[in-house]
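Heads up, the final residue of the sequence shown is numbered 104 in numbering that gives the first Met the number 0, and it's a clean run with no missing numbers. For every residue, glycine included, the Cβ atom is placed at its ideal position computed from N, Cα and C. In this text the structure is predicted, and so the values were computed from the model without any measurement. In what follows, a structure is listed as structure tokens, so that the remarks can point back to it.
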Amino acid sequence: MAGTFVYELTNEERDKDSNLIITKIRNFFEQLYWAYYIHLPYYLMKNEEAFVLHLFFLTVLTVSVYAVFAYLPYKLFQVVDRFFYYLTGDDFKNQLVALGIGAGK
Numbered sequence: 000m001a002g003t004f005v006y007e008l009t010n011e012e013r014d015k016d017s018n019l020i021i022t023k024i025r026n027f028f029e030q031l032y033w034a035y036y037i038h039l040p041y042y043l044m045k046n047e048e049a050f051v052l053h054l055f056f057l058t059v060l061t062v063s064v065y066a067v068f069a070y071l072p073y074k075l076f077q078v079v080d081r082f083f084y085y086l087t088g089d090d091f092k093n094q095l096v097a098l099g100i101g102a103g104k
């Protein structure tokens, strides 16, 4: 009788042969899962307490993500503007106006 053993790759073997970006994303979500659902003591709480704690963490996460995406475009443009100024001595906004992208003064 032939064996019925089916070999499954371990996480390390699977990650070694896969794309680096996909591996990092997969590991990030795995770590997030373990940090959120295993290390937080939901099983020691009543349903109402667990719901409020869960809602609190989701609210903090949502506000943090909003803050990053609300602040990032402004800060990115500011960094590009300063970088352009240090390289050329000209204002980046003037360059955008010359290209027809920005509004004139």
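Just the Cα atoms here: how many angstroms apart are Tyr35 and Ala66?
-> For this step, residue 35 is matched to residue 36 along the sequence shown. For this step, residue 66 is matched to residue 67 along the sequence shown. Looking at the two C-alpha atoms, the distance is approximately 21 Å.
Nearest-angstrom Cα separation, counted from Leu52 out to Thr58 = Counting from one through the sequence shown, the residue named residue 58 turns up at place 59. Counting from one through the sequence shown, the residue named residue 52 turns up at place 53. Cα to Cα, Thr58 sits roughly 10 Å from Leu52.
Inspect the beta-carbon positions of Asp16 and Thr22 and report whether they are closer than 7 Å.
-> Along the sequence shown, read from residue 1 onward, the residue named residue 16 stands at position 17. Along the sequence shown, read from residue 1 onward, the residue named residue 22 stands at position 23. No, these two residues do not count as a Cβ contact at 7 Å.
Nearest-angstrom Cα separation, counted from His38 out to Asn26 = By one-based count along the sequence shown, residue 26 stands at place 27. By one-based count along the sequence shown, residue 38 stands at place 39. Spanning the two alpha carbons is a distance of roughly 17 Å.
For the alpha helix (DSSP H) that contains Thr22, what are its first and last residues?
-> Indexing the sequence shown from 1 puts residue 22 at position 23. Leu19 to Tyr32 is the extent of the alpha helix (DSSP H) around Thr22.
Is Ala1 helix, strand or coil by DSSP?
-> Sequence index remark: in the sequence shown, residue 1 carries index 2 (1-based). The answer is coil: DSSP assigns Ala1 none of H, G, I, E or B.
So, Asp80 versus Phe68, is the Cβ gap smaller than 7 Å?
-> Position 81 of the sequence shown, counted from the first residue, corresponds to residue 80. Position 69 of the sequence shown, counted from the first residue, corresponds to residue 68. Contact flag unset, no.
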